[in-house]
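This report concerns only the one structure given below.
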Amino acid sequence: AQSVAQPEDQVNVAEGNPLTVKCTYSVSGNPYLFWYVQYPNRGLQFLLKYITGDNLVKGSYGFEAEFNKSQTSFHLKKPSALVSDSALYFCAVRDRERDDKIIFGKGTRLHILP
Amino acid sequence: EAGVAQSPRYKIIEKRQSVAFWCNPISGHATLYWYQQILGQGPKLLIQFQNNGVVDDSQLPKDRFSAERLKGVDSTLKIQPAKLEDSAVYLCASSLVGQGYYEQYFGPGTRLTVT
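Chains A and B supply the protein sequences, listed in that same order. Just so we're aligned, residue 3 is where the first sequence starts under this note's numbering, counting upward by one. Just so we're aligned, residue 6 is where the second sequence starts under this note's numbering, counting upward by one.
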């Protein structure tokens, strides 16, 4: 069965510093991987996805994520954090071969300190 | 492009009462999803429609939850009777198609409190 883990409930980063939000996954086949962000009182917004090809994926608002097949990880990164990046971030995985439903992680709250 | 619309935004009911949520997906999106998001958890898929047919309802508590998508556009999710553990945010999402790598677009959600 497919699963996704976000090991940190909260990540605190000073404004201007680089940030990383961690995600690891488990699927029987090859994955499609997604990152979504949720701002207060709003639905989830799509940030970026990995389909195939280049392991470094660039998305909205300056975010990027690196697919690492050997470590089964898809960590979200940004070179310089903004206070406005403070939100709840969800990693999600879908098994490419089985084409099952998407499974979401429990979320990581990112807090950017001014 | 208009986003996914949901109503109401908030609902408070007593246990054993019934409640209904409405969703209007992005125009042209064939696939519609209902998720339940309990505080501190990620969204959990309740039901997925492809046009007006059900693709996956394996995690829908069918003894109390029901959903329909008449004419393949709008959808309604109903809970009857509600339990305390149904308190959650109910998210509707849509995508062009249901397979593969297509991202989903989410509505703002309905926050349900069962007392």
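Ideal Cβ placement from N, Cα and C applies to all residues, glycine included. These numbers were taken from a predicted model, which means no experiment stands behind them.
With a threshold of 7 Å on Cβ separation, who are the neighbours of residue i within its own chain once the five nearest residues in sequence on each side are excluded?
{"i": "Gln64(B)", "result": "Lys49, Leu50 and Leu51"}
{"i": "Ala16(A)", "result": "Leu115"}
{"i": "Ser88(A)", "result": "Leu112, His113 and Ile114"}
Would you say residue i lies against chain A (beta-carbon separation less than 7 Å)?
{"i": "Glu90(B)", "result": "no"}
{"i": "Phe70(B)", "result": "no"}
{"i": "Asp61(B)", "result": "yes"}
{"i": "Gly47(B)", "result": "yes"}
{"i": "Phe54(B)", "result": "no"}
{"i": "Phe26(B)", "result": "no"}
{"i": "Tyr106(B)", "result": "yes"}
{"i": "Leu50(B)", "result": "yes"}
{"i": "Pro113(B)", "result": "yes"}
Closer than 7 Å, CB to CB, is residue i near chain E or not?
{"i": "Arg100(A)", "result": "In the structure shown, chain E does not exist; the protein chains are A and B."}
Might you give, ordered along the chain, the residues of its own chain that have their beta carbon closer than 6 Å to the beta carbon of residue i, omitting 5 neighbours on each side?
{"i": "Leu35(A)", "result": "Tyr52, Phe76 and Val95"}
{"i": "Pro30(B)", "result": "Val9, Leu37 and Ser99"}
{"i": "Gln109(B)", "result": "Ala98 and Ser100"}
{"i": "Thr26(A)", "result": "Ala7, Thr74 and Ser75"}
{"i": "Tyr107(B)", "result": "Ser100 and Leu101"}
Does chain B have any CB closer than 7 Å to the CB of residue i?
{"i": "Gly64(A)", "result": "no"}
{"i": "Arg44(A)", "result": "yes"}
{"i": "Phe92(A)", "result": "yes"}
{"i": "Phe48(A)", "result": "yes"}
{"i": "Gly107(A)", "result": "yes"}
{"i": "Tyr34(A)", "result": "yes"}
{"i": "Val53(A)", "result": "The residue you asked about is not Val; residue 53(A) is Ile in the sequence shown. Taking Cβ atoms only, chain B reaches closer than 7 Å to Ile53(A), which makes this a yes."}
{"i": "Lys24(A)", "result": "no"}
{"i": "Lys103(A)", "result": "yes"}
Report the option in the options whose CA atom is closest to the CA atom of residue i.
{"i": "Gly31(A)", "options": "Arg111(A), Ile104(A), Glu99(A) and Ala7(A)", "result": "Glu99(A)"}
{"i": "Glu73(B)", "options": "Pro66(B), Lys67(B) and Leu82(B)", "result": "Leu82(B)"}
{"i": "Trp37(A)", "options": "Phe92(A), Thr110(A), Asn19(A) and Gly109(A)", "result": "Phe92(A)"}
{"i": "Leu96(B)", "options": "Leu58(A), Pro20(A), Gln4(A) and Leu46(A)", "result": "Leu46(A)"}
{"i": "Ile43(B)", "options": "Gly33(B), Ile18(B) and Glu90(B)", "result": "Glu90(B)"}
{"i": "Pro81(A)", "options": "Asn70(A), Gly61(A) and Pro33(A)", "result": "Gly61(A)"}
{"i": "Phe48(A)", "options": "Leu21(A), Phe65(A) and Pro9(A)", "result": "Phe65(A)"}
{"i": "Thr118(B)", "options": "Gly105(B), Tyr106(B) and Val94(B)", "result": "Val94(B)"}
{"i": "Gln73(A)", "options": "Asn57(A), Leu84(A), Leu50(A) and Leu90(A)", "result": "Asn57(A)"}
{"i": "Lys71(A)", "options": "Pro9(A), Val29(A), Ala3(A) and Glu10(A)", "result": "Val29(A)"}
{"i": "Gln55(B)", "options": "Ser71(B), Gly114(B), Gly77(B) and Ile18(B)", "result": "Gly77(B)"}
{"i": "Leu84(A)", "options": "Val59(A), Pro9(A), Tyr63(A) and Tyr41(A)", "result": "Tyr63(A)"}
Could you tell me the distance, in whole angstroms, from the CA atom of residue i to the CA atom of residue j?
{"i": "Gly103(B)", "j": "Lys103(A)", "result": "9 Å"}
{"i": "Ala7(A)", "j": "Phe106(A)", "result": "9 Å"}
{"i": "Ser80(B)", "j": "Asn19(A)", "result": "43 Å"}
{"i": "Arg44(A)", "j": "Gly112(B)", "result": "8 Å"}
{"i": "Asp97(A)", "j": "Cys28(B)", "result": "27 Å"}
{"i": "Ser32(B)", "j": "Ala7(B)", "result": "8 Å"}
{"i": "Leu75(B)", "j": "Gly58(B)", "result": "9 Å"}
{"i": "Asp61(B)", "j": "Thr54(A)", "result": "26 Å"}
{"i": "Ile17(B)", "j": "Val39(A)", "result": "26 Å"}
{"i": "Arg14(B)", "j": "Lys67(B)", "result": "24 Å"}
{"i": "Thr115(B)", "j": "Gln41(B)", "result": "10 Å"}
I'd like the list of long-range same chain contacts for residue i, defined as Cβ closer than 8 Å, with 5 residues on each side in sequence excluded.
{"i": "Pro86(B)", "result": "Lys20, Arg21, Gln22, Ser23 and Arg69"}
{"i": "Val13(A)", "result": "Leu21, Thr22, Val23, Thr110, Arg111, Leu112 and His113"}
Discussion item. Going residue by residue through the stretch 9-59 of chain A, where are the continuous alpha helix (DSSP H) segments of at least 4 residues, counting only ones entirely within it?
Written reply: Look at the stretch 9-59 of chain A and you find no whole run of alpha helix (DSSP H) that is 4 residues long or longer.
Item to complete: Tell me the start and end of each unbroken beta strand (DSSP E) in the stretch 67-120 of chain B that is at least 3 residues and wholly inside, in chain order.
Response: Whole beta strand (DSSP E) segments, 3+ residues: 70-73, 80-84, 93-100 and 115-119.
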